[in-house]
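Presented below is the structure to which this report refers.
In the numbering used here, the protein residues as written are 178 to 793.
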């Protein structure tokens, strides 16, 4: 047996994490940027002591909420294009369960993060310990079992030596382009403190590099043949283009072959919005230009996208009966969706090989001509929607316009997640550089925004990180405002107060429902809340101001650039107004029977619209 080092299991975890490296822009750097930790019963004596030993090489960051710190870790991985990531450790019980929502965010969005929740005693002698649930029919059950369905890999460590294969499997999952997602290692608290003679090789520095699978020869040949026959081709670019760092290849491919590009929420910024072939967002929250191409396309090259319902208009957007889809994706699961021709490969490799094989082939000239016209028409509509106004309650679009004009330059990263803003931003925000648009819309998790902005700032400290958040999401999670100030990570937060859940209220109205339980005025209340978001943000340590007009908003944003810490700007907005141009139908089931005529009429329209869906 080779050389060994006697460590506790928790110490082994800490020393292993600090030895894992990667290469970013030619520099070898730690692949774990740090560990978020809120200590408590179940991790303070084990993981807490272990992290203290390595605090210089593996920083430990303290947050105010376990879900918030996990969202920050998820956002860090997204902003780092999955090249680097973070870990999160908590106590057992509520501390652990607070992270499950963020684990869902990471799982849906295929983002790497390591969860290290404390767990019950493996020896079970003191059972039931504080925060331990008791399952009358299963002695092995723990609250951490809730992580199983939202983890790509889950393991419960009940002996110290089990951590050796578990850590190796962890790194394989976190760095794999297909399996990439959250990992949960549930650490029994007594085992964290138990010692074992670990092989010294476990703690040797290891460099992880990005795997780039090349396509199968037959699948590549089939894709080339299909593209060569295309008369109305379209590229749909998803988040996989960014994670593959294939933005230059996408730009070259589109330009060389004259194919317009539409972007998903995750793929927005893969091609600059001012590129002549960038038609903008697609689908339910799509531009008129992108959706027009999608409706008539005979060949769609879907690159790095999982083709979810907002992208496909619930599979009613593509109206050409003869349309063929080519799924260029590292995951066969995504590449073959809806009878697509699979092209299983890394986005950068796949686009490069496709372009080489196509040579001088180019889409018919009419395609580029249509792209120019449609883009001009859409831009005119977008300018109208985002123009400055003197309205007492501006629309979300008008606020977006003000933010874009004052801080939306090349150095800006726009962060958002849920409500009505994602749809408006998908259509209207003009992304300049890859990663300049950071939207969590796979899980559309309310409360992600501010914590996510902090994660982005940790990943990209040089960027102007702008968080746009509605009052509903702000109320769900705002604690990491204080964390951003504590860590010296300046954010610019714009809070749009429409006094309730305006997005869902509009959806409720659109499906024939009565205004009910969404806007505060339509809820069961004794007293109408009068929440002072400015005062609240100021009490958290931020520089805060409330403005009453778009002109004042632009002035406040301009002034915030000189602030030395996180700035919060609050503005009241109209909950009912949304951009009418662009967009597409979305499948939201409407009741078959109802005493309300509005619902019955909405049901008739729903049945008619559903007939356009491509089933299977």
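Glycine residues also receive a C-beta, built at the ideal position from the N, C-alpha and C atoms. It should be emphasised that the depicted structure is a prediction, and the values quoted were computed from it without experimental measurement.
Is the beta carbon of residue 614 less than 8 Å from the beta carbon of residue 445?
Walking along the chain shown from the start, residue 614 turns up at place 437. Walking along the chain shown from the start, residue 445 turns up at place 268. Going by C-beta atoms, residue 614 is nearer than 8 Å to residue 445.
Can you give me the C-alpha to C-alpha distance between residue 542 and residue 496, rounded to a whole angstrom?
Along the chain shown, one-based indexing puts residue 542 at 365. Along the chain shown, one-based indexing puts residue 496 at 319. Answer to the nearest angstrom: the Cα atoms are 22 Å apart.
Jot down the residue ranges of each uninterrupted alpha helix (DSSP H) in the region 231 to 273, minimum 4 residues, whole runs only, in chain order.
Runs of the alpha helix (DSSP H) inside the region 231 to 273: 243 to 256.
Suppose only complete runs of 3+ residues qualify. What are the beta strand (DSSP E) ranges in the region 513 to 553, listed by chain order?
Correct list: 518 to 521.
Beta strand (DSSP E) segment containing residue 478, residue limits:
If you number the chain shown from 1, residue 478 lands on position 301. Element bounds for residue 478: 476 to 480.
Roughly how many whole angstroms lie between the Cα atoms of residue 584 and residue 634?
What you label residue 584 is simply residue 407 of the chain shown in a count that begins at 1. What you label residue 634 is simply residue 457 of the chain shown in a count that begins at 1. Roughly 15 Å separates the two Cα atoms.
Beta-carbon contacts of residue 730 that lie in its chain and below 6 Å, excluding the five residues immediately before and after
In the chain shown, residue 730 corresponds to position 553, counting from 1. Excluding sequence neighbours, residue 730 sits near 579, 724 and 748.
Where the alpha helix (DSSP H) through residue 725 begins and ends
The residue labelled residue 725 in the question sits at position 548 within the chain shown. In the DSSP annotation of this structure, residue 725 is not part of any alpha helix (DSSP H), being labelled neither H nor E.
Boundaries of the alpha helix (DSSP H) in which residue 284 is found, first to last residue:
Within the chain shown, the letter at position 107 stands for residue 284. 277 to 285 is the span of the alpha helix (DSSP H), which, as asked, contains residue 284.
Which residues does DSSP pair with residue 201 in a beta bridge?
For the purposes of this step, residue 201 is taken as residue 24 along the chain shown, with counting starting at 1. The beta-bridge partner set that DSSP reports for residue 201 consists of 204.
Of the residues 387, 317, 262 and 390, the one placed nearest residue 359, counting alpha carbons only
Taking the chain shown and counting its residues from 1, the one referred to as residue 359 is at position 182. Measuring from the Cα of residue 359, the nearest candidate turns out to be 262.
Pop quiz: residue 737 and residue 719 are said to be a contact at Cβ under 8 Å. What is the actual Cβ separation, rounded to whole angstroms?
As a working mapping, residue 737 is identified with position 560 in the chain shown. As a working mapping, residue 719 is identified with position 542 in the chain shown. Not a contact, Cβ separation roughly 10 Å.
Residue span of the alpha helix (DSSP H) that contains residue 399, given as start and end
Numbered from 1 along the chain shown, position 222 holds the residue referred to as residue 399. Counting along the chain, the unbroken alpha helix (DSSP H) around residue 399 starts and ends at 394 to 405.
Does any C-beta atom of chain C lie closer than 8 Å to the C-beta of residue 361?
The structure shown contains no chain C; it holds only a single protein chain.
How would you write the range of the beta strand (DSSP E) that residue 209 sits in, first residue to last?
The sequence position of residue 209 within the chain shown is 32, counting from 1. From DSSP, the beta strand (DSSP E) with residue 209 extends over 209 to 214.
Decide yes or no for the touch test of the region 431 to 438 against the region 586 to 599: beta carbon pairs closer than 8 Å, at least 3 of them.
No, because fewer than three Cβ pairs between the region 431 to 438 and the region 586 to 599 fall closer than 8 Å, the two stretches do not touch.
Does residue 391 pass the burial test, meaning 16 or more other C-beta atoms within 10 Å, or should it be called exposed?
As a position in the chain shown, residue 391 is number 214, starting the count at 1. A residue is called buried when at least 16 other Cβ atoms come within 10 angstroms of its Cβ; residue 391 does not meet this threshold and is exposed.
Between the CA atoms of residue 337 and residue 754 - distance to the nearest angstrom
Stepping through the chain shown from its first residue, residue 754 is reached at position 577. Stepping through the chain shown from its first residue, residue 337 is reached at position 160. Straight-line Cα distance between these residues: approximately 58 Å.
Quick one: using the 10 Å Cβ neighbour count with 16 as the cut-off for buried, is residue 229 buried or exposed?
Position 52 of the chain shown, counting from 1, holds the residue named residue 229. Residue 229 comes out exposed.
Start and end of the alpha helix (DSSP H) containing residue 625?
Here residue 625 refers to the residue found at position 448 when the chain shown is read from its first residue. In the DSSP assignment, residue 625 falls within the unbroken alpha helix (DSSP H) covering 625 to 636.
Exposure label - residue 638; buried when at least 16 CB within 10 Å
Position 461 of the chain shown, counting from 1, holds the residue named residue 638. By the 16-neighbour rule on beta-carbons within 10 angstroms, residue 638 is exposed.
So, does the region 701 to 718 touch the region 556 to 572, judging by three or more C-beta pairs under 8 Å?
Contact fails: fewer than three Cβ-Cβ distances are below 8 Å.
Measuring only from the beta carbon, is residue 638 closer than 7 Å to any heavy atom that is part of the ligand MG?
With respect to the ligand MG, the structure shown offers nothing to examine, as it has no ligands at all.
By DSSP, does residue 589 sit in helix, in strand, or in coil?
Here residue 589 refers to the residue found at position 412 of the chain shown. Residue state, collapsed to three classes: strand.
Would you mind stating whether residue 198 and residue 369 have Cβ atoms separated by less than 8 Å?
For the purposes of this step, residue 198 is identified with residue 21 of the chain shown, where counting begins at 1. For the purposes of this step, residue 369 is identified with residue 192 of the chain shown, where counting begins at 1. Cβ distance not < 8 Å, so residue 198 and residue 369 don't count as in contact.
Measuring CB atoms only, is the region 249 to 268 touching the region 328 to 335, in the sense that at least three cross pairs come out at less than 8 Å?
No, the region 249 to 268 is not in contact with the region 328 to 335.
Residue environment, residue 548, which counts as buried when at least 16 other CB atoms sit within 10 Å:
The count along the chain shown starts at 1 and reaches residue 548 at position 371. By the neighbour-count rule (16 or more Cβ atoms within 10 Å), residue 548 is buried.
Secondary structure of residue 678, DSSP reduced to three states:
Mapped onto the chain shown, residue 678 falls at position 501. Coil.
Residues near residue 779 in its chain [Cβ-Cβ closer than 6 Å; skip 5 each side]:
Taking the chain shown and counting its residues from 1, the one referred to as residue 779 is at position 602. Sequence-distant Cβ neighbours of residue 779 in its own chain, meaning closer than 6 Å and more than five residues away, are 688, 689 and 767.
Rounded distance between the beta-carbons of residue 551 and residue 458, thought under 8 Å:
Along the chain shown, read from residue 1 onward, the residue named residue 458 stands at position 281. Along the chain shown, read from residue 1 onward, the residue named residue 551 stands at position 374. A Cβ-Cβ separation of about 13 Å leaves residue 458 out of contact with residue 551 under the 8 Å criterion.
Can you tell me whether DSSP reads residue 186 as helix, strand or coil?
As a working note, residue 186 is residue 9 in the chain shown. Helix, per DSSP.
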